[in-house]
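S.K.: Residue numbers (this note's numbering), protein chains in the order written: chain A, 6 to 119; chain B, 1276 to 1392.
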Amino acid sequence: QQQVKQSPQSLIVQKGGISIINCAYENTAFDYFPWYQQFPGKGPALLIAIRPDVSEKKEGRFTISFNKSAKQFSLHIMDSQPGDSATYFCAPVKWMDSSYKLIFGSGTRLLVRP
Amino acid sequence: GAGVSQTPSNKVTEKGKYVELRCDPISGHTALYWYRQSLGQGPEFLIYFQGTGAADDSGLPNDRFFAVRPEGSVSTLKIQRTERGDSAVYLCASSLRSASNSYNEQFFGPGTRLTVL
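1. On the premise that B/Y1365 lies in contact with B/G1334, defined as a C-beta separation below 8 Å, what is that separation, rounded to the nearest angstrom?
2. If the cut is a Cβ gap below 9 Å, which residues of chain A does B/Q1316 touch?
3. For chain B, is any of its Cβ atoms less than 8 Å away from the one on A/W40?
4. Measure from the alpha carbon of B/Y1293 to the alpha carbon of each residue in B/Y1378, B/I1354, B/T1390 and B/S1373, then state which is nearest.
5. Taking just the CA atoms, how far does A/S12 sit from A/S28?
6. Quick one: using the 10 Å Cβ neighbour count with 16 as the cut-off for buried, is B/T1357 buried or exposed?
7. Find out if the Cβ-Cβ distance for the pair A/S79, A/I26 is shorter than 8 Å.
8. Check B/G1328 in the structure and name its three-state DSSP category.
9. Quick check: is the beta carbon of A/N119 nearer than 8 Å to any beta carbon in chain B?
10. Would you please verify whether the beta carbon of B/S1313 is less than 8 Å from any beta carbon of chain D?
11. Straight-line CA distance for A/G112 to A/Y93?
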């Protein structure tokens, strides 16, 4: 049962462009909606996160837009840079079986061309 | 300060062998998680420790997998009779204690890449 669907699978953007990654979820019991960034050989690192009572959050070049009724949230990277090239995961969080669990999407591999 | 560390960074073993993977969490973090990340996929939850006890082991795929955290700090993930399908990156994460109404960020280590030949 796939609870989180992430798209696109891969994305190529020119330097300075906007990167948009989408995440759709099936369970309404999520408590927190983070995006993680992962570089090769490294573990995922929290990039930005939003709570379900907020529709948008911006931190520098990174923005999360959250649509609760559509059960979707997206990551926008403005002025994309080659250093942003990485794999991005949405990982909504829910309390289940005595712990908070991150339910990771399948990832989006972003390549920003110089 | 030091982040989550994992050793070894790479482990190659033969089918049927036993392996141990180690995780050193961030100092002061009482919650510790193990995840498994297969190639081209997102991490999947395996087990969660709060202190010394395994509070949630619902993600362990079968009884060949076991994890311990005897002193509430370092944790070891143990895999018996390894199979080729166990090949993946095993990630450890730690956080401050979380409760049902209070989520604390999980910080991930770099992972151990396990290859079963």
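Heads up, the beta-carbon is just placed ideally off N, CA and C, and yes, glycines get one too.
In this text, all values refer to a predicted model and were calculated from it rather than measured experimentally.
M.R.: The relevant details are as follows:
1. Rounded, the Cβ-Cβ distance is 12 Å, inconsistent with contact.
2. F109, S111 and G112
3. no
4. B/I1354
5. As written in the sequence, residue 28 of chain A is Cys, which differs from the Ser given in the question. One C-alpha to the other measures close to 6 Å.
6. buried
7. yes
8. strand
9. Per the sequence shown, residue 119 of chain A should be read as Pro rather than Asn. With 8 Å as the cut-off, A/P119 does not count as an interface residue toward chain B.
10. Within the model displayed, chain D is absent; protein chains A and B are what it includes.
11. 5 Å
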